[in-house]
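Enquirer:
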Amino acid sequence: MHRIVEIEDRVLETPSTVTWRFPYSVPCAPGQFVMVWIPGDDEIPMSLSYTDEPSKGVTIKAMGSASRHAQSISTGSSIGIRGPYGNRFDLAPRRILAVGGGSGTAVLAPAAELAVRSGARVTCALGATTETELLFATRLAASGARVEVATDDGSAGTRGFVTVVADRLLREQPFDAVWTCGPEVMMRKVAESARSHGTVGYGSVERHMKCAIGMCDACALGPYHVCVDGPVFRTEILLSLEEFGRTKRDPSGRRVPL
Amino acid sequence: MHRIVEIEDRVLETPSTVTWRFPYSVPCAPGQFVMVWIPGDDEIPMSLSYTDEPSKGVTIKAMGSASRHAQSISTGSSIGIRGPYGNRFDLAPRRILAVGGGSGTAVLAPAAELAVRSGARVTCALGATTETELLFATRLAASGARVEVATDDGSAGTRGFVTVVADRLLREQPFDAVWTCGPEVMMRKVAESARSHGTVGYGSVERHMKCAIGMCDACALGPYHVCVDGPVFRTEILLSLEEFGRTKRDPSGRRVPL
Amino acid sequence: MSDLSVELAGIRLRNPLILASGIWGESGQSLVGAWDAGAAGVITKSIGSRPRPGYPNPTVEELGSWGMLNAMGLPNPGIREYSREIAFAREHGALVIGSIFGGTAEEFARLAREMAATGVRALELNLSCPHAEGFGTEIGSDPRDVDEVVRAVVREVKIPVIAKITPNAADPAALAAAAENAGARAISAINTVRALSIDPTLMRPVLAHGIGGLSGPAIKSVGLAAVWQIRQRVRVPIVGVGGISSGADVLEYVLAGACAVEIGTAVAHEGVRVFGRLAQELDQLLSKKGVSSLRELVGGAHRGFEIPAADFP
Amino acid sequence: MSDLSVELAGIRLRNPLILASGIWGESGQSLVGAWDAGAAGVITKSIGSRPRPGYPNPTVEELGSWGMLNAMGLPNPGIREYSREIAFAREHGALVIGSIFGGTAEEFARLAREMAATGVRALELNLSCPHAEGFGTEIGSDPRDVDEVVRAVVREVKIPVIAKITPNAADPAALAAAAENAGARAISAINTVRALSIDPTLMRPVLAHGIGGLSGPAIKSVGLAAVWQIRQRVRVPIVGVGGISSGADVLEYVLAGACAVEIGTAVAHEGVRVFGRLAQELDQLLSKKGVSSLRELVGGAHRGFEIPAADFP
Ligand SMILES: Cc1cc2nc3c(=O)[nH]c(=O)nc-3n(C[C@H](O)[C@H](O)[C@H](O)COP(=O)(O)OP(=O)(O)OC[C@H]3O[C@@H](n4cnc5c(N)ncnc54)[C@H](O)[C@@H]3O)c2cc1C
Ligand SMILES: Cc1cc2nc3c(=O)[nH]c(=O)nc-3n(C[C@H](O)[C@H](O)[C@H](O)COP(=O)(O)OP(=O)(O)OC[C@H]3O[C@@H](n4cnc5c(N)ncnc54)[C@H](O)[C@@H]3O)c2cc1C
Ligand SMILES: Cc1cc2nc3c(=O)[nH]c(=O)nc-3n(C[C@H](O)[C@H](O)[C@H](O)COP(=O)(O)O)c2cc1C
Ligand SMILES: Cc1cc2nc3c(=O)[nH]c(=O)nc-3n(C[C@H](O)[C@H](O)[C@H](O)COP(=O)(O)O)c2cc1C
Ligand code: FES
Ligand code: FES
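Protein chains in written order, with my numbering: chain U, -11 to 246; chain Y, -11 to 246; chain H, 990 to 1302; chain V, 990 to 1302.
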């Protein structure tokens, strides 16, 4: 059952990414996602980038038609929301490394904020193509997390891949858990770093979603369904899946390279 | 939704009347009725003659096919029950006259018992064709109610109509309320007596029932539906209805004389 | 206050809410009760040529708050006797629509004449009734039968004829189109959906008749699909029926293409107070939308869906 | 422990519970998941000749715990690609039934041959799919089309053919009889019920496709009626589908005449654990009844109802 809500605030986070805030009184936890119905266009899965009361939020990067269309939708527009769906990040660990790539940072931000608020020490390693595409670096720093940055062009922070920064951090200091979300090749690297440092890892993954309630099989990933068993998985599990970082299924169910 | 229950006890109250006790955990109040499904036969409305925990009861007089069949159904048989439906007797009055004719006593008995238990002074005037057909006279006396009896043939109590006994009682002593259930000609007389003595009266009436939830209109009585607005009505209301004591509707909806 | 009035085949209704056939329709006084409670029109139970007691009980099975089954078996006292109930309802000001059922076109035509003579404002044809030849399908599930029945009735009467469409058909819109083509001035849809319930303990059907019809919220989406598809095929006004229990439900039907609606199962338990509640909820929804008249919204959800969908799941 | 095993068109099933088509059927690994969780057979999603992405989202709308709508649009990777999923499932021991859909009898026949070549144990024909000629009715809603499709398929393959009957028809039993007559070895019923939902705020259909199909508890009584009527017309075994979410529901279908059942919507949220739960509930019900084998109960509610009811509400 969709609830129709009005976008009450919209923030252009980067040239290609917009955040929508909207009233939605159903309890949501960091890691969970909602299905966002853009009337007349599509309905797409979006992690919640804001999970607190009073208003929830999603942060949408322009990837294809609906997510591009989303960039220009104005405050006051009506959208449909259903959910939240899926599982959540485990907020118990006390020393957390959160590694986000691109829009993957969206789902890490509320988790990191909540963990910091509950006394955890959170370090964020954020990657982007260039400085202007960096997501939530200021928000996370303001929350009390330590923030390290990597950009492909070196316009901010370390030049290069955030995976390198993450591996360095894991080498330098002890962490109880690594959280990661971003492109799967990136997550695979982070997962391997976590494994080599003996740290437990959790990655939030994306697969094509239709029903979001565990029946249509569109989001099948090995023996799992990302919509109900995920989107957050232990990285050890992800590494054991032949498809992870390599293939996904297109809307017809055909396996295609990632 | 029917619940299928087993008849755990059966008592032949009179040569033509049987009581079934059965477990039914839904709360029920005196005055309310249930729909009793006799598998393979019919489903018929029956007032509850026992409303307490642990087991409810109905007391069925052989009138036609299903109620006759009911007399021979044995303990352990499965029946379907839905309900309770309808309203209840007002148990607030402190001095109550309960006037029952034939199987009409069935619905008065639990009401009288409960009223006595809550400290009311209850007088029961019970009518029957003959002594062996008297219903619940012993049960009511044992409950602490005062019991007066009338039989058509004089085999017990006053010879003649119970309406005469009721009228005498109303003349002899003050009552806060009169309850009545039985043939409508009898109830009409009782209602008139109550009116002439300035006592408020309540009568439980019967009409053909199908749905019992206020939609099929089978039980229409003036502007009321006996299944939801009744079966208990103020006798002043009953007296105002042209049909009361005169006509009812048959299963096709045709008005027929009572 | 928004304007909730609508027009149906030349009849002005003060609001779109009509009492469905078979509910509170046995006595004239009950029809008046629904009218007084705010229904803009009341449809009689379906009346036949002769008195019929209907099926034995159980005739009704509640499945939950979302649906119920019934197999009443078209109980009715016959048109002769029933005309008194209509007279009573009309004397008390109710706008009465007469529902009739028959096994053949001739029986429908004869009944139509007798029903029209009672002074009802319109006729509704209950086509969801068994063929005289039996076999369990409904007379209203074949476009040819619908054509024949509607044509026969329309020849006999001057008042508007509303053809009530069954959902138990391959293509309800084709049935509606046949009815329109044969002269029906409006379409109502839907009647109950063929259904059955078995008691697993007693190992027998619950309803004495076995097969019955599903009604209530469970069939709202089925009725909406029918109205939607009918709207894409016919021009006469449509009356939506099936599972309506809130003002938002009424609005869904209106947006799908209905200009009025019938309320059946929602009358159970709540009684005819439901008419007042629905009118109020509808009024609030329109105010919130800033729409001054309900009529503006009829069929409003079809924008962008004009091409009939050739494809479905 | 009661004996829950059944036989379906010569195939022995360890229990009567089969995964319905379109649910957990995109990947071979999911089929294995359902099999390992206790399903006695798993039906693939309906596969066509070419890859189809299906309709855009929203493709699913939950109406409440009692029902949901979907219009997936038959997404599938095409039979060529999909055969790998079947191979995976078979390698892991699953008893796989292949579902196919087409727009013409020829397309069905061609697909049947290709599907049979994957080694599935039986074919299920999804006849609830649009006619190649369009117009919104289903190929499976006309007995002549059913006859033609089933005949064409049966000619091509040696494995048993199960015809899946649509509820969107005047007389589902006539469709089943046509399928039996054309050589179907079993009948499954029902597919989803044509339905639509409109968002009253946005004033548009919720599903991107508009029309969709209703499934879940809301249609259980509709499926039961179909199975009941089919049982009165055909001799081949029947697989009951629609709204099953408890052991008592399975029993209802069995008593109505089904020898096995398919589980669809109940897999949502709960996942394939539902198979274990249903088997356990069923076993308890049988023990309570003192019935040692489920097979004894097939059609058990028909006693006293042998004469097809000519009359209904
Ligand atoms: C659990 C989950 C959480 C997500 N969270 C976020 C987030 O917080 N921020 C964000 O920017 N993106 C997020 N995404 C990705 C986002 O859903 C896609 O970028 C979006 O659906 C693209 O839609 P489109 O119409 O623009 O793309 P299209 O033009 O339709 O296609 C572009 C690509 O987008 C992806 N895509 C399209 N439709 C879907 C769909 N229904 N399900 C999954 N992927 C799809 C496909 O990979 C496709 O190749 C998330 C995805 C999932 C599964
Ligand atoms: C609210 C209510 C409470 C009742 N409580 C009792 C009670 O406690 N004890 C008792 O013995 N009787 C009670 N009755 C009457 C009882 O329902 C009928 O005697 C019974 O239905 C007769 O069924 P039958 O098949 O034997 O009758 P039939 O052979 O079918 O017909 C005999 C007569 O029984 C009546 N009757 C039949 N079916 C119904 C029906 N569905 N609804 C109403 N009346 C029907 C009709 O007047 C009919 O003329 C009550 C009736 C109502 C409406
Ligand atoms: C108890 C009952 C009796 C009905 N009797 C009739 C009838 O006599 N004639 C008719 O055309 N429809 C009859 N119907 C169908 C309703 O008029 C209506 O089409 C159907 O119930 C769907 O609407 P709802 O979901 O609002 O009840 C009956 C329905 C019920 C529940
Ligand atoms: C999401 C979804 C997808 C479906 N896909 C198919 C399909 O591809 N082929 C088919 O024959 N039936 C399909 N169905 C219908 C189911 O197999 C089943 O017949 C129907 O849902 C009724 O059963 P249920 O109430 O247990 O879900 C689908 C149903 C759902 C809910
Ligand atoms: S999106 Fe349908 S199973 Fe996950
Ligand atoms: S019994 Fe149906 S309205 Fe009272």
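Just so it is clear, CB atoms sit at the ideal spot from N, CA and C, and this is done for glycine as well.
According to the neighbour-count rule (16 or more other Cβ atoms, all chains shown, within 10 Å of its Cβ), is Leu246(Y) buried or exposed?
Expert: For Leu246(Y), the number of other beta carbons within 10 angstroms of its own is below 16, and it is reported as exposed.
Enquirer: Should Ala206(Y) be counted as a contact of ligand 6 given a C-beta to heavy atom distance under 8 Å?
Expert: yes
Enquirer: What residues in the region 12 to 31 of chain Y bring their beta carbon closer than 7 Å to a beta carbon of chain H?
Expert: Trp25, Pro27, Asp30, Glu31
Enquirer: Using a Cβ cut-off of 8 Å, which residues of the region 1020 to 1054 of chain V contact any Cβ in chain U, in chain order?
Expert: Val1021, Gly1022, Lys1034, Pro1040, Arg1041, Pro1042, Gly1043, Pro1045, Asn1046, Pro1047, Thr1048, Val1049, Glu1050, Glu1051, Leu1052, Gly1053
Enquirer: Which residues in the same chain as Asp238(U) place their Cβ atom closer than 6 Å to its Cβ, once the five residues preceding and following it in sequence are excluded?
Expert: Val244
Enquirer: Flag Ile1075(H) as yes if its beta-carbon sits less than 9 Å from any beta-carbon of chain Y, otherwise no.
Expert: no
Enquirer: I'd like to know whether the C-beta atoms of Ala1184(H) and Leu1203(H) end up nearer to each other than 9 Å.
Expert: In this structure, Leu1203(H) lies closer than 9 Å to Ala1184(H) by Cβ.
Enquirer: Hey, quick one: how far does the alpha helix (DSSP H) through Asn1170(H) stretch, first residue to last?
Expert: For Asn1170(H), the enclosing alpha helix (DSSP H) has its first and last residue at 1161 to 1170.
Enquirer: Cβ-heavy atom distance between Phe21(U) and ligand 1 below 8 Å?
Expert: Within the cutoff, so yes.
Enquirer: Measuring CA to CA, which of Leu1283(H), Leu1196(H), Gly1279(H), Glu1259(H) is closest to Val1239(H)?
Expert: Distance check between Val1239(H) and each of Leu1283(H), Leu1196(H), Gly1279(H), Glu1259(H) places Leu1283(H) closest, using alpha-carbon atoms only.
Enquirer: Chain V partners of Gly210(U), CB-CB under 7 Å?
Expert: Residues of chain V passing the Cβ test: Gln1018.
Enquirer: Give the secondary structure of Lys1034(H) by DSSP, where H, G and I count as helix, E and B as strand, and everything else as coil.
Expert: coil
Enquirer: Compile a chain-ordered list of the residues in the region 1059 to 1072 of chain H whose CB is closer than 8 Å to at least one CB of chain Y.
Expert: So the list reads Asn1059, Met1061, Pro1064, Asn1065, Pro1066, Gly1067, Glu1070, Tyr1071, given in the order they occur along the chain.
Enquirer: Give the DSSP-derived three-state secondary structure of Phe1301(V) in the structure shown.
Expert: At Phe1301(V) the pLDDT is 44, less than 50, meaning the model places this residue with poor confidence; the figure from the coordinates comes in the next sentence. Coil.
Enquirer: Whole angstroms is fine: what's the gap from Gly19(Y)'s alpha carbon to Pro171(Y)'s?
Expert: 16 Å
Enquirer: With 9 Å set as the bound, which would you pick, yes or no: does the beta-carbon of Val995(H) sit closer than that to a beta-carbon of chain V?
Expert: no
Enquirer: Of the residues that make up the region 1131 to 1146 of chain H, which ones have a beta carbon closer than 9 Å to any beta carbon in chain V?
Expert: Within the region 1131 to 1146 of chain H, the qualifying residues are Asp1131.
Enquirer: Please work out which residues of its chain come closer than 7 Å, Cβ to Cβ, to Val1085(V), disregarding the five sequence neighbours upstream and downstream, and give them in chain order.
Expert: Leu1020, Val1031, Thr1033, Ile1075, Ala1078, Arg1079, Val1109, Arg1110
Enquirer: What do you get for Val1261(V), buried or exposed, if any count of 16 or more other CB atoms within 10 angstroms of its CB means buried?
Expert: buried
Enquirer: How would you label Ser1072(H), buried or exposed, when you count the other beta carbons within 10 angstroms and need 16 or more for buried?
Expert: buried
Enquirer: Compare the C-beta of Ala1207(H) with all C-beta atoms of chain V and state if any pair is closer than 9 Å.
Expert: yes
Enquirer: Below 8 Å, can you find three or more Cβ-Cβ pairs linking the region 1153 to 1172 of chain H to the region 1249 to 1259 of chain V?
Expert: no
Enquirer: Does the beta carbon of Glu1113(H) come closer than 9 Å to any beta carbon on chain V?
Expert: no
Enquirer: How far does the alpha helix (DSSP H) with Ala1098(V) in it extend, from its first residue to its last?
Expert: 1094 to 1105
Enquirer: Mind checking if Ala206(U) is an interface residue toward chain C, Cβ cutoff 9 Å exclusive?
Expert: The structure shown has no chain C; the protein chains it does contain are U, Y, H and V.
Enquirer: Compare the Cα-Cα distances from Val1135(V) to each of Ala1105(V), Arg1102(V), Glu1103(V), Ala1098(V) and report the closest residue.
Expert: Distance check between Val1135(V) and each of Ala1105(V), Arg1102(V), Glu1103(V), Ala1098(V) places Ala1098(V) closest, using alpha-carbon atoms only.
Enquirer: Given the structure, does Phe1264(H) come close to ligand 3, in the sense that its CB is under 8 Å from one of the ligand's heavy atoms?
Expert: no
Enquirer: Just to check my reading of the structure: Leu1100(H) and Ile1187(H) have Cβ atoms closer than 8 Å, yes? What is that Cβ distance to the nearest angstrom?
Expert: In fact, because the Cβ distance is near 35 Å, the residues do not count as touching under 8 Å.
Enquirer: For Met990(V), count the other beta carbons within 10 Å of its own beta carbon; 16 or more makes it buried, fewer makes it exposed. Which is it?
Expert: Exposed is the label assigned to Met990(V), since fewer than 16 other Cβ atoms lie within 10 Å of its Cβ.
Enquirer: State the Cα-Cα distance for the pair Lys177(U) and Arg70(U), rounded to the nearest angstrom.
Expert: The alpha-carbon separation between Lys177(U) and Arg70(U) amounts to approximately 33 Å.
Enquirer: Verify whether the separation of the beta carbon atoms of Lys1153(V) and Ile1176(V) is less than 9 Å.
Expert: yes
Enquirer: Quick one: which residues of the region 1182 to 1214 of chain V get their C-beta closer than 7 Å to a C-beta of chain H? List them in chain order.
Expert: Val1182, Arg1183, Ala1184, Leu1185, Ser1186, Ile1187, Pro1189, Met1192, Arg1193, Pro1194, His1198, Gly1199, Ile1200, Gly1201, Gly1202, Leu1203, Ala1207, Ser1210, Val1211, Leu1213, Ala1214
Enquirer: Would Thr47(Y) be called buried (16 or more neighbouring beta carbons within 10 Å of its own) or exposed?
Expert: buried
Enquirer: For Gly132(Y), which residues from the same chain have a beta carbon less than 6 Å from its beta carbon, with the 5 sequence-adjacent residues on both sides left out?
Expert: Val104
Enquirer: Let me check understanding here. Comparing Cα to Cα, which of Glu1070(V), Ala1168(V), Arg1039(V), Ile1012(V) lies closest to Val1225(V)?
Expert: In terms of CA proximity to Val1225(V), Ala1168(V) leads the group Glu1070(V), Ala1168(V), Arg1039(V), Ile1012(V).
Enquirer: Could you tell me which of Asp217(Y), Ala97(Y), Pro72(Y), Val193(Y) sits nearest to Lys236(Y), measuring between CA atoms?
Expert: Val193(Y)
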